[in-house]
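Asks:
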Amino acid sequence: MLLPTIARIELFHVAIPLPARFYPSWIPGFPQTENRFDLVKITTDDGVEGYSAGPALGRERAGLGDLLGPYLIGEGATDIALVQQRLREISYLGWRNWWVEPAFWDIKGKIAGKPVYELLGGKPCRVPLYASTGELKNPAARIEEAEARYAEGFRAIKLRVHDFDPAVDERHVIEVAKAVGHKMKIGVDVNQAWRVAVIADAPLWNLDRAKRFADVCAEVGVAWIEEPLPMDAYDDLTALTAYSRVPIAGGELHTQGLAEIRMMIARRCYRIFQPDAIFSGGIAQTIEISRLCREAGLLYTPHTWTNGIGFAVNLQLMAASGFAGEKELEYPINPPGWTVEARDGILESPFRHEKGSLEMPAAPGLGFTIDRKALRRHGKRFFVMDKKRLVWFSLRNRGLKVSMEMDRVRKARKAAGD
Ligand SMILES: [Mg+2]
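Using the working numbering, read the sequence shown as starting at 229 and increasing by one per residue.
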């Protein structure tokens, strides 16, 4: 049987306006007004479409298509190993674009008529969620927020703290735990793994501060502490994980993927690993990471805070990994700025939780459909390449002789492989 091949690649900049300004704790001082990401759309020669998305600040990926097109057009659309190899080749140039890979799983699932989690050996299930907040707040406002999420059915919530004064953080956790700790599981994210100080300054923790904080959290029954140290402070992370009575969690942005996280698992840097497939090597590497966590007796639950498509990708992995019954999945929600509608703004059916959990979508592929009207409204296509355009691209960039020479080598390789 002939493999379907990649016939067309399109890239879009998407910017969905937020209903109110949102102040992400991970970029102190940044008034976010839009949910911005780049969307990749892959079409096979028989018209099957696959999508994925990667968060963006602006138009920094304007030239990415010039690599993706020539590297991938004409190749097998369901050949994940090959896609992984091409994205690895692109990464040698200094940037990692693993977020593109899930689009090929979307195609693979659609061709097989199965959701991706089933392709990966998972079973239909209901996934419990935790309400992931995104802003720094004072304790009174936080308690009000926690009560609102509780009323909606959530039984787990993640707070954000990172003041310059450790006492402020400690007071926040103690007060919130006192108010809702008897009825909600509480996690605390301190956003130290990938500190951003580009607008306002951001506090920088060290092992001593993290240990003191872990002690306070243990006393009030916090369920997990997230990213209390820089992501590459491997020795300190191992020391903290061994010391802390509260599980230490992290690992969302390791763009070296499986290789780096395998080493971190061996070194017991965290008790809960949270690689996000959008960053950490795509679905193929992240499912391997979840298996390594299982073997090592550690927990896996992915980071999901990018946009609705990133959430969908990681939701598939959560179900595929079998960890859905053991740990809640991150559900990004921080009204009035970060709402379901803004998060999932180009999806036909937004991922609305039901009483703090979600039934796995039965749809083939990644389980969402792009709302074309919404994409037209919020998105702008900045790249398209198909087989014909690739020929022109090559002629324009390399001339006839060089293009023909490259073509000869490729054809010989294909002929030898078939
Ligand atoms: Mg986090």
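Yeah, the Cβ is synthetic: ideal placement off N, Cα and C, and Gly gets one too. Nothing here was measured: the structure is a model prediction, and the numbers come from that model.
In its own chain, which residues sit with a C-beta less than 6 Å from the C-beta of Ile441, not counting the 5 before and 5 after it?
Replies: One point to set straight first is that residue 441 is Phe, not Ile, in the sequence displayed. Within the same chain, Phe441 has no close Cβ partners at all.
Asks: Whose C-beta lies closer than 6 Å to the C-beta of Ala248 among residues of the same chain, with five residues either side of it excluded?
Replies: Pro564, Gly565
Asks: In the DSSP output, which residue or residues are listed as bridge partners for Leu603?
Replies: The partner list for Leu603 (beta bridge, DSSP) is empty, contrary to what the question assumes.
Asks: Report the residue from Trp620, Arg604, Trp433, Asn625 whose alpha carbon sits nearest the alpha carbon of Leu239.
Replies: Nearest of Trp620, Arg604, Trp433, Asn625 to Leu239, Cα basis: Arg604.
Asks: Starting from Ala359, follow the beta strand (DSSP E) in both directions and report where the run begins and ends.
Replies: 354-360
Asks: From the DSSP output, read off the bridge partner residues of Asn390.
Replies: According to the sequence displayed, residue 390 carries His and not Asn. Secondary-structure assignment with DSSP links His390 through no beta bridge to anything.
Asks: Please classify Ser472 as buried or exposed, where buried requires at least 16 neighbouring CB atoms within 10 angstroms.
Replies: buried
Asks: Report the residue from Tyr299, Ala305, Gly304 whose alpha carbon sits nearest the alpha carbon of Arg314.
Replies: Tyr299
Asks: CB of Asp417 to nearest heavy atom of ligand 1: below 6 Å?
Replies: Yes, the Cβ of Asp417 comes within 6 Å of a heavy atom of ligand 1.
Asks: Here's the rule: buried if 16 or more other CB atoms are within 10 angstroms of the residue's CB, otherwise exposed. What is Gly381?
Replies: exposed
Asks: Once DSSP output is grouped into helix, strand and coil, what is the label at Leu432?
Replies: It is coil, neither helix nor strand.
Asks: Quick check: the Cα distance between Lys439 and Pro252, rounded to an integer number of angstroms?
Replies: 25 Å
Asks: Could you spell out where the beta strand (DSSP E) holding Ser280 opens and where it closes?
Replies: 277-283
Asks: Relative to the alpha-carbon of Leu586, which residue among Ala494, Pro578, Ile517 has its alpha-carbon at the smallest distance?
Replies: For Leu586, the closest alpha carbon among the candidates Ala494, Pro578, Ile517 is that of Pro578.
Asks: Please determine whether the Cβ atom of Glu454 lies at a distance below 6 Å from any heavy atom of ligand 1.
Replies: yes
Asks: Compute the Euclidean distance between the alpha carbons of Lys629 and Ile301, then round it to the nearest angstrom.
Replies: 20 Å
Asks: For Asp417, count neighbouring Cβ atoms within 10 angstroms of its own Cβ and tell me buried if that reaches 16, exposed if not.
Replies: The C-beta of Asp417 has 16 or more other C-beta atoms within 10 Å across all chains shown, which makes the residue buried.
Asks: Does the stretch 506-521 come within contact of the stretch 326-343, defined as at least 3 CB pairs closer than 8 Å?
Replies: yes
Asks: In the DSSP assignment, what residue or residues form a beta bridge with Ile500?
Replies: Ala477, Leu527
Asks: So the alpha helix (DSSP H) Pro298 belongs to, where does it begin and stop?
Replies: 293-300
Asks: Evaluate Arg619 with the Cβ neighbour count: other Cβ atoms within 10 Å of its Cβ, from every protein chain shown; 16 or more gives buried, anything less gives exposed.
Replies: The residue asked about is misnamed: residue 619 is Val in this sequence, not Arg. Classification for Val619: exposed.
Asks: Check Ile414 in the structure and name its three-state DSSP category.
Replies: Strand, per DSSP.
Asks: What span of residues does the beta strand (DSSP E) with Val242 cover, start to end?
Replies: 234-250
Asks: Below 8 Å on the Cβ atoms is my contact criterion, and I expect Gln420 with Leu465 to pass it. Report the Cβ-Cβ distance as a whole number of Å.
Replies: Going by Cβ atoms, the distance from Gln420 to Leu465 rounds to 10 Å, so no, they are not a contact pair.
Asks: Would you mind giving the Cβ-Cβ distance between Gly573 and His606, rounded to the nearest angstrom? I have them listed as a contact below 8 Å.
Replies: 6 Å
Asks: List the whole-angstrom C-beta distance separating Ile453 from Ala487, where the pair is believed to meet the contact cut-off of C-beta under 8 Å.
Replies: The pair is not a contact, with the Cβ atoms about 26 Å apart (cut-off 8 Å).
Asks: How would you write the range of the alpha helix (DSSP H) that Asn625 sits in, first residue to last?
Replies: 615-645
Asks: Would Val389 pass as a contact of Asp397 if the rule is Cβ separation under 7 Å?
Replies: yes
Asks: Please go through the same chain and pick out, in chain order, the residues whose beta-carbon is closer than 7 Å to the beta-carbon of Arg287, but skip the five residues on each side of it.
Replies: His241
Asks: Once DSSP output is grouped into helix, strand and coil, what is the label at Ile453?
Replies: strand
Asks: Curious, which full-length alpha helix (DSSP H) runs of at least 4 residues does the stretch 301-371 contain?
Replies: 308-319, 330-340, 344-347
Asks: Around the C-beta of Phe250, are 16 or more other C-beta atoms found within 10 angstroms, so that it is buried, or is it exposed?
Replies: buried
Asks: Using three-state DSSP, classify Glu262 as helix, strand or coil.
Replies: For Glu262, the three-state secondary structure derived from DSSP is strand.
Asks: Got a sec, what are the start and stop residues for the beta strand (DSSP E) Ser472 sits in?
Replies: Taken as a continuous stretch (DSSP letters only), Ser472 belongs to no beta strand (DSSP E), as it is neither H nor E.
Asks: Once you ignore the five residues that flank Leu357 on each side, which residues in its own chain have a CB closer than 8 Å to its CB?
Replies: Close CB contacts of Leu357 within its chain, under the 8 Å cut and outside five residues either way in sequence, are with Phe382, Ala384, Glu556, Leu557, Glu558, Tyr559, His581, Gly584, Ser585, Leu586 (chain order).
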